[in-house]
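Below is one structure, written out as structure tokens; comments come after it.
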Amino acid sequence: MTKSTKNQLFSRILIFLVVIILIFSLVGCKKGKQQEDEGYETEPGLIPPDSGFIAVTSHVTREPNKYGSEFNDRKEIMSLTKEAGMGFIRTGFKWADVEAEKGVWNWELTDKVVKDAEKNGVRILALVHRPPLETWAYPAHEHLDGWLIFLDKVVGRYGDYIVDWEIWNEPNVVSGKYWPQDALPDEYAELVIKSAKLIKEKQPESTVLLGGLATGKKADAFGLWEGLFPLGVLDYVDGVAFHPYEYPAHELFSFDSQLKNLISQYSNSKEELWITEFGRHSPYEEDPRGRGASYEFQADINMATALAFWADGGEHFFIYKLIDQAVYNPNTAKEVIEKHHSSFFGLLKKDLTPKPAFNAMKWLAGKLEDLAYVSHQEFGDGALIEAIDSGDKKVYFTWGETAVNEAKSKGLSAETYSEQVDISNLDNYYDKVLFWR
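Residues in the sequence shown are numbered from 12 upward in steps of one, following the numbering used here.
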């Protein structure tokens, strides 16, 4: 074979290989485009699960980082919450994660999370928020067309399973961390209305929530609601979400009453109230220096607040949050620990070990499944809640000395989430949630 012939043969082989590579590349591109066009495939005949009153917030759709790897633990998380009667998870579907670069869609994490939720029968509250910061679509209200494209794709992709949508997280935080404060209320109202209309057009039976507002000194919830409601947002949403960290236990009653009165001024409908975040931190491990609230306090304050909201007709109560974001280090400076106390709000430690608060909420979720609310009395130091069980027998929940003594006079037995109580000596139980029957 001459040198010229060899060169010709080599050239032909090279051309053949290039053609093969191009063909496979085109097939791959076409397949990728088909997957994008076809979207997410839900199991045939699958319907979104029902759920109880108590639910949890978990960052299962968040890329694993230094704060935790709930995505990696998602299967165990879903199994734990479902078994505990809290099989309803609020998690973020961030525009910034799904479309960090314009027109480039990344569904890898969310596809896996939704698929595992389907397999475990776990319901999802999809928190849709967060534009691509400082890249191509910030702030969101100046890129509404892009936002609505994102939202349309999310609802179209997962709408056969997810039917609950919360539009934005804490837009009223004064730092502007989640929403520019100079773009309230009009710009946020426009985004909410257009988003709700889009969701309802694609999914008429869905539940759309006005994004959960923060409460407290650094976030005026009522100030924003008073600006939003006259703009007509209540005509487009099914419920109002909020995060009453500053109003625990029986202090929640007055907050709820004020909100209901405000809503009634602008709507003839009965908008649902959802608490999509509430929680308290536990000790930062078994801290010999006593920093942080006790494990029992965390358990009881969460239960009392959930019970107050249940008695007030709340729709769902989401504990923030399911898992600690950190592991306690006794050598950490006190001021650093206190600054990051929210890392220890979990019902579970970072290694998924249950805290007393997890067992308490599991116990409460089980009780509420069997009960119908009747009435409640609020006292300065607590509350008494009356309910009827499936056998039409009256039962009660209490916390606070006044309520405990009121229930004691009825001649009933009492228990906490962890023990039967000797009602002849209740001095150590006034700050605990008791169940009487």
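Here a beta-carbon is modelled for each residue, glycine too, at the ideal position from N, C-alpha and C.
Can you pull the DSSP bridge partners for residue i?
| i | result |
| --- | --- |
| F240 | Answer is none; F240 lacks a bridge partner. |
| F329 | A66 |
| F408 | I396 and F446 |
| A418 | Paired residues: none, contrary to the question. |
| L359 | I334 and P365 |
| V479 | Outside the displayed range of the chain (12 to 448) lies residue 479, so it cannot be described from this structure. |
Starting from residue i, trace the beta strand (DSSP E) in both directions and tell me its first and last residue.
| i | result |
| --- | --- |
| D175 | D175 to N180 |
| L91 | Taken as a continuous stretch (DSSP letters only), L91 belongs to no beta strand (DSSP E), being part of the alpha helix (DSSP H) at R85 to E94. |
| T287 | E283 to F289 |
Can you tell me whether residue i is buried or exposed, with buried defined as 16 or more other CB within 10 angstroms of its CB?
| i | result |
| --- | --- |
| D197 | exposed |
| K373 | buried |
| V133 | buried |
| P182 | buried |
| E389 | buried |
| A368 | buried |
| K361 | buried |
| E81 | buried |
| N436 | exposed |
| A383 | exposed |
| W147 | exposed |
| P255 | buried |
| P215 | exposed |
| G170 | buried |
| G223 | buried |
| G114 | exposed |
| K332 | buried |
| V185 | exposed |
| E119 | exposed |
| G290 | buried |
Enumerate in chain order the residues of its own chain whose CB-to-CB distance from residue i is below 7 Å, with the five nearest sequence positions on each side excluded.
| i | result |
| --- | --- |
| A376 | G63, I65, A95, G96 and M97 |
| K405 | E397 and I399 |
| A319 | A260, H261, L263, F264 and A394 |
| F107 | Note that residue 107 is Ala in the sequence shown, not Phe. Correct list, in chain order: R141, P142, P143 and L144. |
| D127 | R85, K86 and M89 |
| D163 | L209 |
Locate the alpha helix (DSSP H) running through residue i, then write down its first and last residues.
| i | result |
| --- | --- |
| E389 | Unbroken run through E389 is the beta strand (DSSP E), L382 to F390; no alpha helix (DSSP H). |
| W321 | Y306 to A322 |
For residue i, which residues from the same chain have a beta carbon less than 6 Å from its beta carbon, with the 5 sequence-adjacent residues on both sides left out?
| i | result |
| --- | --- |
| L242 | A200 |
| A425 | V432, I434, L445 and W447 |
| E430 | none |
| K105 | R141 |
| P60 | G132 and R134 |
| L37 | With a pLDDT of only 43 at L37, under 50, the local geometry of the prediction cannot be trusted, and no value is derived from it. |
| E257 | T226 and G227 |
| A310 | P367, A368 and A371 |
| A207 | V219, Y247 and V248 |
| H152 | A194, E198 and L202 |
| S278 | L245 |
Suppose the cutoff is 8 Å on Cβ atoms and the five residues either side in sequence are ignored; what does the same chain contact list for residue i look like?
| i | result |
| --- | --- |
| L273 | F233, W236, E237 and F240 |
| S305 | S293 and P294 |
| A418 | L395, Y407, T409, A425, L445 and W447 |
| E87 | L363 |
| L379 | G63, F64, I65 and W321 |
### Task
Starting from the N-terminal side, write out each stretch of the beta strand (DSSP E) that is 3 residues or longer and does not extend beyond the segment 98-173.
99-105 and 134-140
### Query
At which residue ranges does the segment 194-267 contain complete alpha helix (DSSP H) runs of 4 or more residues, listed in the order of the chain?
197-213 and 232-239
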